[in-house]
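This report refers to the structure that appears directly beneath it.
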Amino acid sequence: MISSAPQQLAPITIITGGSEGIGKALALEFAQGGFDLLLVARSQQRLEKTAHEISATHDINVLTLKCDLAEEDSGGKITSFLKHKNYYCQYLVNNAGFGLAGDFAKHDEATIRNLVDLNVRALTDLSRQFLPDMLERGDGGILNIASMGGLLPGPYQAAYYASKAYVISLTKALSWESWGTGVQISALAPGPVKTKFHARMGARSELYVKSGAGISAAKAARMGYSGFMCGKCLIIPGILSQLGAVALKIIPHDLLMPFMAWFLKARIQHNPKSGDRF
Ligand SMILES: NC(=O)c1ccc[n+]([C@@H]2O[C@H](COP(=O)([O-])OP(=O)(O)OC[C@H]3O[C@@H](n4cnc5c(N)ncnc54)[C@H](OP(=O)(O)O)[C@@H]3O)[C@@H](O)[C@H]2O)c1
Numbered sequence: 006m007i008s009s010a011p012q013q014l015a016p017i018t019i020i021t022g023g024s025e026g027i028g029k030a031l032a033l034e035f036a037q038g039g040f041d042l043l044l045v046a047r048s049q050q051r052l053e054k055t056a057h058e059i060s061a062t063h064d065i066n067v068l069t070l071k072c073d074l075a076e077e078d079s080g081g082k083i084t085s086f087l088k089h090k091n092y093y094c095q096y097l098v099n100n101a102g103f104g105l106a107g108d109f110a111k112h113d114e115a116t117i118r119n120l121v122d123l124n125v126r127a128l129t130d131l132s133r134q135f136l137p138d139m140l141e142r143g144d145g146g147i148l149n150i151a152s153m154g155g156l157l158p159g160p161y162q163a164a165y166y167a168s169k170a171y172v173i174s175l176t177k178a179l180s181w182e183s184w185g186t187g188v189q190i191s192a193l194a195p196g197p198v199k200t201k202f203h204a205r206m207g208a209r210s211e212l213y214v215k216s217g218a219g220i221s222a223a224k225a226a227r228m229g230y231s232g233f234m235c236g237k238c239l240i241i242p243g244i245l246s247q248l249g250a251v252a253l254k255i256i257p258h259d260l261l262m263p264f265m266a267w268f269l270k271a272r273i274q275h276n277p278k279s280g281d282r283f
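Sequential numbering of the sequence shown, starting at 6, is according to our numbering.
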């Protein structure tokens, strides 16, 4: 039986990594839709700047929470914060994530573990934490930010591509399990998007970066938001990426591996420990 929203609690949309890049652009889309927001990231300064920008132009409440989602108790921290502020999670946008460029064997173990903790564990924990209440209410949903990289293996970005494959697989399965409940579960899987993400992961001389290919964060978010609200399970923004996704269904991935390796391999030797090239 479907129960009504919790009494005296107001609905809110949680956007992890909502302070910049695609997360900020998604926050603007949800703000446009009139939803109150909770933005979660590590830098309080950037969170406040973004919250100020959004609330100056939209008639909604924007809350911020400084939280490192790679830490194990991050889900509990978000729940306590929501309770304290009298909100419940209507929509969850699992956007925070980072990549790692270079040879898997050369990255230190702690950095790889950190990637799995953020891209996989935090996303899974938050989904498990908020989905049962959404199902009980028969309302709301989860938008996971995956990547086209999750559609095939990615040599020289191995752990990142694998983490996004998990996100796509989890999303499709949860979408199936939630079918007909009123709860929407979607994954946004963009190709390259022009944000600081690539420089942060140490990708600078790779062909895909040098080609300058990519769409804006605003376009990725606009298509992600509308696809989610329209009930699409897997949203691939941009015509080129959509064609690429069709090709990935037809061409055996083993044949594509040399091309992916060529596309993703750094042209300048990279020392992953220093985070710089030499
Ligand atoms: N850019 C692309 O080409 C692209 C393509 C496909 C998919 N994606 C995916 O889209 C998502 C967003 O990417 P983006 O390009 O917008 O990246 P971005 O510009 O680097 O922004 C990342 C956001 O996540 C936050 N964040 C990072 N680590 C965090 C942590 N441990 N705890 C909490 N917040 C954290 C950052 O804030 P703080 O640093 O202050 O914590 C920032 O708000 C990622 O999941 C990425 O994998 C990106």
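Ideal Cβ placement from N, Cα and C applies to all residues, glycine included.
Does DSSP put residue i in a helix, a strand or coil?
i, result
"GLY146", "strand"
"ILE20", "strand"
"LYS71", "strand"
"PHE283", "Below a pLDDT of 50, predicted positions are generally treated as unreliable, and PHE283, at 23, falls in that range; the measurement from the model is reported next regardless. Note: PHE283 maps to coil in three-state DSSP."
"ASN66", "coil"
"ASN289", "Outside the shown range of the chain, which is 6 to 283, sits residue 289, and nothing can be said about it."
"ILE241", "coil"
"MET265", "helix"
Just to confirm before moving on: does the CB-CB distance between residue i and residue j stay below 8 Å?
i, j, result
"ILE27", "ILE150", "yes"
"LEU253", "LEU123", "no"
"VAL172", "LEU128", "yes"
"ASN99", "ILE59", "no"
"GLN13", "ASN91", "yes"
"GLY107", "ALA222", "no"
"LEU52", "ILE20", "no"
Span of the alpha helix (DSSP H) holding residue i?
i, result
"VAL121", "114 to 121"
"SER210", "Unbroken run through SER210: none, as it is neither H nor E."
"LEU193", "LEU193 -> not in any alpha helix (DSSP H); beta strand (DSSP E) instead, spanning 189 to 193."
"TYR284", "Lying before the first or after the last residue shown, residue 284 is absent from the chain, which here runs from 6 to 283."
"VAL125", "Per DSSP, VAL125 belongs to no alpha helix (DSSP H) and is neither H nor E."
"ILE27", "26 to 37"
"MET228", "222 to 234"
"GLY81", "79 to 89"
Does the beta-carbon of residue i, which I'm using as the reference point, lie nearer than 7 Å to any heavy atom of ligand 1?
i, result
"CYS72", "yes"
"HIS203", "yes"
"PHE103", "yes"
"VAL125", "no"
"ILE150", "yes"
"SER24", "yes"
"PRO356", "Outside the shown range of the chain, which is 6 to 283, sits residue 356, and nothing can be said about it."
"SER48", "yes"
"ALA222", "yes"
Just checking my contact of residue i with residue j at CB under 8 Å: how many whole Å lie between their CB atoms?
i, j, result
"PHE103", "ARG205", "6 Å"
"THR55", "LYS29", "5 Å"
Would the beta-carbon of residue i be found less than 7 Å away from any heavy atom of ligand 2?
i, result
"GLY28", "This structure simply doesn't include ligand 2; it includes ligand 1 instead."
From which residue to which residue does the beta strand (DSSP E) around residue i run?
i, result
"VAL45", "42 to 46"
Shorter than 8 Å from the beta carbon of residue i to some beta carbon of chain C?
i, result
"GLY26", "No chain C is part of this structure, which consists of one protein chain only."
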